[in-house]
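Take the sequence shown: its position 433, counted from the start at 1, is 433 in UniProt numbering, and no numbers get skipped. Below you'll find the structure, written out as structure tokens, and then a few comments.
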Amino acid sequence: MSSMISRPELLATAAADVETIGSAIGAAGSNAAAPTTGLVAAAQDEVSAAIARLFGLYGQQYQALIGEAAGFHNQFSQALAAAAGAYAQAEAANAGALSGLWNAARLPMPAPSGQPQTAGGGLAVALQSAPGDPLYALIMGGTGNPLPDPLYVNGVYTAYILPKFPSVAFPPIGVFTPEQFWPITPQFGNMTFAQSVAKGVSLLNAQITSLLLNQTNNHAVVFGYSQSATIATDEINALIAAGSPYPNQLSFMLIGNPNNPVGGLLERFPGFYIPFLDVPFNGATPSGPYPTTTYTIQYDGIADAPQYPLNLVADLNAFMGYFVVHSTYPDLTATQVANAVPLPTNGGNSDYYMIMTQNLPLLAPIRAIPYAGPPIADIFQPDLRVLVDLGYGDFGPGLDYANVPTPAGFFDIPNPFTVIPDLALGAVQGPYGAAVEIGVESGLLSPSYFPSTYPWVPSVDPHLNFFLGQPSTTLMSTLSGALGDVLRVIPPILN
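Below, the structure is given as structure tokens:
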């Protein structure tokens with residue numbers, strides 16, 4: 001059946017290519033006009049004049065033909081672009097028709113090895129549409145991926161969406177959003193981050209409206225990654241401002257979310273603004289009224305930024321995390337996602353998961369050295385993990401809740417009764433783990449010999465700092481907001 005399903009994103013790309021061809025036709029016609037219609041006779045004799053008139057006549061006929069070709073091109077490119085939009089709407093209807101047969105065929109079958117058969121938690125159960133009511137997956141790409149390609153769409157559909165929403169319709173729908181960030185993505189255009197997000201919100205809202213408005217049987221889960229997670233955040237805020245329509249029809253799933261309530265870079269410093277690049281720090285993704293599932297890879301500098309940025313070791317590790325782990329979300333398997341650690345919340349209808357990171361991004365350059373790199377990194381990693389984790393709070397009952405917006409603070413208060421023993425243990429685990437690493441590389445030992453406790457293995461609650469509450473406003477957040485108001489008077493470059 002896949003050969004019968006249209007690809008609107010390819011039609012849109014083809015329309016753009018056809019428009020480029022049309023521009024080339026027009027340019028060729030203009031460039032050829034003077035040389036072909038205004039040929040000067042080589043001499044003043046009658047033969048030369050006749051030849052010049054003959055070539056001039058051919059030139060005029062050529063210009064007329066070019067005009068007809070350009071007109072045909074304009075009509076064809078407009079029709080192709082319109083077809084992309086029509087097919088995008090038809091895709092949703094076709095998916096609804098196919099999903100019943102697809103689900104009926106696959107539900108009795110056991111899940112593949114390592115992949116959960118049902119979604120975990122009560123949230124997914126509550127979001128399953130009734131039999132015959134389609135649940136569509138609207139998938140956006142990240143920065144630099146405006147038209148999600150089939151590999152990306154199918155990957156995130158299989159790893160993230162399908163395990164959580166077993167009744168989701170097939171095929172998933174790729175949603176075009178600009179995903180620009182000038183000057184980092186000049187090949188896609190000159191939109192700044194804020195301009196790209198604003199345009200993306202408009203496009204996403206149009207897609208949601210086309211599926212759900214006056215169609216109470218339809219349901220949709222919106223998938224956002226990195227920049228498109230911010231697009232989803234702004235769309236949620238806009239829907240809330242409009243009275244929260246589609247309360248039982250719409251849900252969201254976000255990965256690498258810059259607006260993650262605990263750890264999102266755009267939430268750690270609410271109200272701040274980066275001039276020239278036009279990046280507003282617009283705060284946390286609301287935890288309601290729309291059910292939202294958020295996956296974060298530990299130490300991702302965009303979605304898991306340190307709570308205490310005066311910890312320079314944690315800052316450098318998060319900076320490296322942007323390059324080492326932030327781009328890996330689409331590559332995770334369903335098994336890796338299923339092993340994510342659920343984080344506690346204090347209510348609401350949203351779920352949060354942490355995908356643990358064994359190897360510190362800070363040590364990635366050393367670990368990349370062939371043979372010698374991994375053992376050397378292992379020696380230092382346990383104690384470095386303690387120093388890095390001092391820049392974060394702890395998740396757990398009576399500690400941090402994943403759905404509570406938590407801005408950055410100036411100072412933490414380390415707990416010496418935990419920090420000192422962990423550093424001492426790490427000093428032993430490091431050399432021991434390096435020796436095991438050498439044995440594993442040589443094929444003499446199994447990875448089961450590696451240490452199995454913190455700080456060798458990561459944790460979401462190492463209890464390194466005394467818990468002083470989870471304030472929604474800090475001195476640093478107040479100062480960052482005030483500074484952002486001042487910086488907003490500086491316009492973006494070239495925009």
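For glycine and all other residues, C-beta sits at the position ideal for the given N, C-alpha and C. Computed from a predicted model, the values in this text were never measured in an experiment.
For residue i, write down the residues that DSSP places opposite it in a beta bridge.
{"i": "A137", "result": "V221"}
{"i": "V341", "result": "M354"}
{"i": "Y295", "result": "I255 and Y353"}
{"i": "G174", "result": "I139"}
{"i": "Y273", "result": "P280"}
{"i": "N465", "result": "P414"}
{"i": "F395", "result": "D400"}
Can you grab the Cα-Cα spacing for the pair residue i / residue j, in whole Å?
{"i": "T177", "j": "S228", "result": "8 Å"}
{"i": "L211", "j": "P134", "result": "10 Å"}
{"i": "P447", "j": "D351", "result": "32 Å"}
{"i": "A124", "j": "H219", "result": "Per-residue confidence for A124 stands at a pLDDT of 40, beneath the threshold of 50, marking its modelled position as unreliable; the derived number appears in the next sentence. If you take the alpha carbons of A124 and H219, they lie about 13 Å apart."}
{"i": "D278", "j": "A314", "result": "26 Å"}
{"i": "W456", "j": "T216", "result": "51 Å"}
{"i": "M140", "j": "S287", "result": "20 Å"}
{"i": "N346", "j": "F269", "result": "22 Å"}
{"i": "V153", "j": "T143", "result": "15 Å"}
{"i": "residue 497", "j": "H463", "result": "Limits of the chain in this structure are 1 at one end and 495 at the other, which puts residue 497 out of reach."}
{"i": "F165", "j": "P171", "result": "13 Å"}
{"i": "F193", "j": "F380", "result": "37 Å"}
{"i": "F181", "j": "V489", "result": "20 Å"}
{"i": "G391", "j": "T296", "result": "17 Å"}
{"i": "residue 499", "j": "V201", "result": "Nothing about residue 499 can be read from this structure; the chain reaches only from 1 to 495."}
{"i": "D400", "j": "P344", "result": "8 Å"}
{"i": "I161", "j": "A169", "result": "10 Å"}
{"i": "N465", "j": "Q307", "result": "12 Å"}
{"i": "L138", "j": "G426", "result": "45 Å"}
{"i": "P275", "j": "S196", "result": "15 Å"}
{"i": "A303", "j": "T328", "result": "13 Å"}
{"i": "A238", "j": "T285", "result": "12 Å"}
{"i": "N145", "j": "V324", "result": "18 Å"}
{"i": "M320", "j": "A364", "result": "8 Å"}
{"i": "N190", "j": "N260", "result": "27 Å"}
{"i": "V386", "j": "I366", "result": "19 Å"}
{"i": "G243", "j": "P289", "result": "10 Å"}
{"i": "A338", "j": "L360", "result": "21 Å"}
{"i": "A408", "j": "S472", "result": "9 Å"}
{"i": "I184", "j": "H326", "result": "16 Å"}
{"i": "Y371", "j": "L316", "result": "25 Å"}
{"i": "L213", "j": "L204", "result": "13 Å"}
{"i": "I236", "j": "L250", "result": "10 Å"}
{"i": "I438", "j": "Q358", "result": "17 Å"}
{"i": "Y432", "j": "V419", "result": "20 Å"}
{"i": "F417", "j": "A206", "result": "55 Å"}
Grouping DSSP H, G and I as helix and E and B as strand, with all else coil, what is residue i?
{"i": "G189", "result": "coil"}
{"i": "G321", "result": "helix"}
{"i": "T230", "result": "helix"}
{"i": "Y246", "result": "coil"}
{"i": "N154", "result": "helix"}
{"i": "V279", "result": "strand"}
{"i": "I184", "result": "coil"}
{"i": "N205", "result": "helix"}
{"i": "D331", "result": "helix"}
{"i": "D304", "result": "coil"}
{"i": "D400", "result": "strand"}
{"i": "G348", "result": "coil"}
{"i": "D315", "result": "helix"}
{"i": "E179", "result": "coil"}
{"i": "E236", "result": "Looking at the sequence shown, residue 236 is not Glu but Ile. It is helical."}
{"i": "V197", "result": "helix"}
{"i": "V262", "result": "coil"}
{"i": "Q215", "result": "coil"}
Note the first and the last residue of the continuous alpha helix (DSSP H) segment covering residue i.
{"i": "S477", "result": "L475 to L487"}
{"i": "F380", "result": "G373 to D389"}
{"i": "T418", "result": "P416 to E441"}
{"i": "A364", "result": "A364 to R367"}
{"i": "E267", "result": "L265 to R268"}
Determine the extent of the beta strand (DSSP E) in which residue i is found, giving its start and end residues.
{"i": "F252", "result": "L250 to I255"}
Just checking residue i against the ligand SAH - is the residue's beta carbon closer than 6 Å to any of the ligand's heavy atoms?
{"i": "L316", "result": "Within the structure as shown, the ligand SAH is missing, as the structure has no ligands at all."}
Can you check whether the C-beta of residue i is within less than 7 Å of a C-beta belonging to chain C?
{"i": "I420", "result": "Going by chain labels, chain C is absent from the structure shown, which holds only one protein chain."}
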